[in-house]
Each structure stands twice: as structure tokens, then as C-alpha cells.
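Visitor: Plus 267 on top of the position in the sequence shown (first one is 1) and you've got the numbering used here.
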Amino acid sequence: MRAAHSSSGGPDTERTQLELFRSVPGDLAPRDAQDLMAWPFFSLAKSRRIAPIDFNMGKTRISVEAVPEHGMATIWDADVLIWAASQLIEARDAGRPTSRLMVTTPHEILAFTRRGTGKASYERLKAALDRLQSTTVATSIRQEHQRRRRRFSWINEWRELADGRGRPLGIELILPDWFYAGVLDRALVLTIDRAYFDLTGGLERWLYRIVRKHGGRQEGGWSFDIPHLHKKSGVLSPLRRFAFELRAIVARQPLPGYALRLEHALGRERLNFAPIPEHPFDTAMRRMGIDPVDKRS
Numbered sequence: 268m269r270a271a272h273s274s275s276g277g278p279d280t281e282r283t284q285l286e287l288f289r290s291v292p293g294d295l296a297p298r299d300a301q302d303l304m305a306w307p308f309f310s311l312a313k314s315r316r317i318a319p320i321d322f323n324m325g326k327t328r329i330s331v332e333a334v335p336e337h338g339m340a341t342i343w344d345a346d347v348l349i350w351a352a353s354q355l356i357e358a359r360d361a362g363r364p365t366s367r368l369m370v371t372t373p374h375e376i377l378a379f380t381r382r383g384t385g386k387a388s389y390e391r392l393k394a395a396l397d398r399l400q401s402t403t404v405a406t407s408i409r410q411e412h413q414r415r416r417r418r419f420s421w422i423n424e425w426r427e428l429a430d431g432r433g434r435p436l437g438i439e440l441i442l443p444d445w446f447y448a449g450v451l452d453r454a455l456v457l458t459i460d461r462a463y464f465d466l467t468g469g470l471e472r473w474l475y476r477i478v479r480k481h482g483g484r485q486e487g488g489w490s491f492d493i494p495h496l497h498k499k500s501g502v503l504s505p506l507r508r509f510a511f512e513l514r515a516i517v518a519r520q521p522l523p524g525y526a527l528r529l530e531h532a533l534g535r536e537r538l539n540f541a542p543i544p545e546h547p548f549d550t551a552m553r554r555m556g557i558d559p560v561d562k563r564s
């Protein structure tokens, strides 16, 4: 059994105080936490990142630190948190009790996030859980006194479960208070397109989340200037490289449900994004819980 780490007392202290929440398999609507969509909490690189994120904008302060052994939690690792948020919202809406202590199977998480379910995928999931647990975050977001920061890891602890013969029974994890509280507030969670999990690039995944957060379903969409987006991304690459990669994404138009456009205004380059109008038949299908056929291929 994998050794568990807890940020509150001994390894079993927190677990004994929480009710156990068992995940429900199925095709749940993916939900994402708005705070995680709007701010730079994750590495967007596929290579290991050790350099911290140190972000300051207005009253918002975010510091993200990694350990050399695992590296910083990535935007692909954040799929585990999307799965957790989706489970919790589904349970809450069904009137079932929720808890920060969750038990599930690797297959459930991998299937939900459209990953393979073989041994290699399982090993990658365990590496993701290690990064989520070892990455530390300090933020002023949702703190009553902005100068004070809340410090936590994305997962307080996790462990593999096995029976007396060593046969796997699943995995157990404990979510931090900060994430759990945000998820259970209806105003702080958004439904995202399931095609998000098919996006392969870190920058386009991050861009979808920020577009979904700010553009929403507003007919007129939204816009940001490129230097502002560069700062909000938390990437290590210089602005010029970031702008180059952003133009390539605009040329490909990969974001499900949104159209991207670059404009120049007052000497600055801006990214405009707006939702693509949905066909009424597709809208009706979504209301019945059926994903429309992807027509982009």
C-alpha cells in the first residue's frame, strides 16, 4: 500500500474524521472549478517543471511550488480534479452526501478523462497523483483578508487499496478544504465540453478553460490582450514565443464550442473569442444528456 501523507496531523488523523464518499461510474457531465480555470495554478509543459509560479495581479496572489522528485502538477494532472468536481456535483444534485475522502478505481478516472486504461495509463495516473499531492499552493483567492494566504496541496494524501492477498481494490484520496469548498458552491463550478479531454497541448487546454470561464455563453464573447494572457498563463516561455504559439492555435481553431480571432488595437494584439452558435437539435440533445456528434472532423 502506498504510504499516505497528510497535511493535518498524523497519516490517519484526517481520514478517521471524514465520511467515505464512493464514486459512481458513468458518463457524468464534466465540471471544472472556476478558480482553477481563471488563474495560473498548473504547469502547461509536458516536460518536468521545477521553477515555481509566482503570480500577482491586483489582489490576487498565487504561489505554486514543486519538488524535484515529481515536478509541478500539470494541466493534464488537473483532469483528476475535474473528475472529482464532477462526482461531487453529481452527488450533491442527487441529494447524496459528499465528502473530501473519496474512493474510486483507476479505471473510472481514466475512462472519464478519455485516457487509455492499460498498465501504462495506470502508471501515468499514479505519477499524476504524486504530483498533485507534492505540489504546494499558497493563494489569497477566497480569503477574507487578502494579505493572508491559504496553503494546501491539490491532494492532501492518496493511497492504493488492496485486499489481504494484495489484489488491488482501488485508490483513496483526500481533497483539500479550499478546493472542496469552491466546488460545492454552485457559483464556482462550470460544465465543460467533454471534447476538452481530447486537447493535447497544454496551452490550448489552458486557453479553453480561460475562454470557457470568461466567454461563457455570451453572444458577444470576450477578449484579452496578449501580454495579459501571457501573464495569466504562468508559462516560462517569453512573450514572443507565447504569442507565436497562440497564433498557431488560432489558425487551427481547436477549442470545442468557441471561435478565436486575433485583432490589433491601439498598438496591441488582442485575442477575441466567442461561442459558436449551436444548432437547436444539438441543444435539445444536450438537455437530454446526449452529446451531439462532433462535426469538426
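Cβ atoms here follow ideal geometry from the backbone N, Cα and C, with glycine treated the same way.
Cα-Cα, which of Asp492, Tyr525 and Pro505 is closest to leucine 533?
Guide: The shortest C-alpha separation from leucine 533 is found at Asp492.
Visitor: Does the Cβ-Cβ distance between serine 310 and isoleucine 342 come in under 9 Å?
Guide: Contact: yes.
Visitor: Leaving out five residues before and five after leucine 285 in sequence, what residues of the same chain have Cβ atoms less than 8 Å from its Cβ?
Guide: Same-chain partners within the cutoff: Ser366, Arg367, Leu368 and Ile441.
Visitor: Check whether the segment 522-530 touches the segment 453-465, taking contact to mean three or more Cβ pairs, one atom from each stretch, closer than 8 Å.
Guide: Yes, they touch.
Visitor: If you follow the beta strand (DSSP E) that tyrosine 525 is part of, which residue opens it and which one closes it?
Guide: Its beta strand (DSSP E) spans residues 525-532.
Visitor: On a Cα-Cα basis, can you pick out the residue from Glu411, Pro373 and Met324 that is closest to aspartate 346?
Guide: For aspartate 346, the nearest C-alpha among the options comes from Pro373.
Visitor: DSSP beta-bridge partners for isoleucine 329?
Guide: For isoleucine 329, which the question treats as bridged, DSSP gives the partners Phe322 and Thr406.
Visitor: Rank Ala405, Ala541 and Leu474 by C-alpha distance to the C-alpha of leucine 496 and give the top, closest one.
Guide: Closest option to leucine 496, Cα to Cα, is Leu474.
Visitor: Exposed or buried, histidine 531, counting other C-beta atoms within 10 Å across all chains shown (16 or more means buried)?
Guide: Histidine 531 is exposed by the Cβ-count criterion.
Visitor: Isoleucine 376 and leucine 355: beta carbons closer than 9 Å?
Guide: Taking 9 Å as the Cβ cut-off, isoleucine 376 and leucine 355 do not qualify as a contacting pair.
Visitor: Buried or exposed for valine 291, going by 16 or more other Cβ atoms inside 10 Å?
Guide: By the neighbour-count rule (16 or more Cβ atoms within 10 Å), valine 291 is not buried but exposed.
Visitor: Can you tell me whether valine 560 is buried or exposed, with buried defined as 16 or more other CB within 10 angstroms of its CB?
Guide: Residue placement at valine 560 is poorly supported in this model, since its pLDDT is 47, which falls under 50; the coordinates are not used for a value here.
Visitor: Give, in chain order, every unbroken run of the alpha helix (DSSP H) that is at least 4 residues long and sits entirely within the segment 422-470.
Guide: As far as the segment 422-470 is concerned, its whole alpha helix (DSSP H) runs of at least 4 residues are 444-450.
Visitor: Taking C-alpha atoms, which residue in Arg472, Asn323, Ala351 and Pro505 lies nearest to proline 443?
Guide: Checking every option, the nearest Cα to that of proline 443 belongs to Ala351.
Visitor: Starting from glutamate 286, follow the beta strand (DSSP E) in both directions and report where the run begins and ends.
Guide: Segment: none, glutamate 286 is in no beta strand (DSSP E) and carries neither H nor E.
Visitor: In three-state DSSP terms, what is aspartate 344?
Guide: DSSP places aspartate 344 in coil when its eight states are reduced to three.
Visitor: Specify the secondary structure class of glycine 277 as computed by DSSP and reduced to three states.
Guide: Caution is warranted here: a pLDDT of 48 is assigned to glycine 277, below 50, making its placement in the model unreliable, and no coordinate value can be reported.
Visitor: Measuring CB to CB, does alanine 305 end up less than 9 Å from lysine 498?
Guide: No, the Cβ-Cβ distance between alanine 305 and lysine 498 is not below 9 Å.
Visitor: Could you check what DSSP says for proline 494 in three-state terms: helix, strand or coil?
Guide: Three-state result, proline 494: helix.
Visitor: Phenylalanine 308 and valine 370 - do their beta-carbons sit closer together than 9 Å?
Guide: No. Outside cutoff.
Visitor: Looking at the secondary structure, which residues open and close the beta strand (DSSP E) in which serine 420 lies?
Guide: Its beta strand (DSSP E) spans residues 417-420.
Visitor: Going by the DSSP bridge assignment, what does serine 310 pair with across the sheet?
Guide: Beta-bridge pairing links serine 310 to Thr341.
Visitor: Hey, glutamate 332 and methionine 339: beta-carbon distance below 9 Å or not?
Guide: Yes. Within cutoff.
Visitor: Grouping DSSP H, G and I as helix and E and B as strand, with all else coil, what is glutamate 411?
Guide: Of the three classes helix, strand and coil, the one that applies to glutamate 411 here is coil, per DSSP.
Visitor: Just list the beta strand (DSSP E) runs in the segment 351-412, keeping only unbroken ones of 3 residues or longer that don't cross its boundaries, in chain order.
Guide: The qualifying runs are 368-371 and 403-406.
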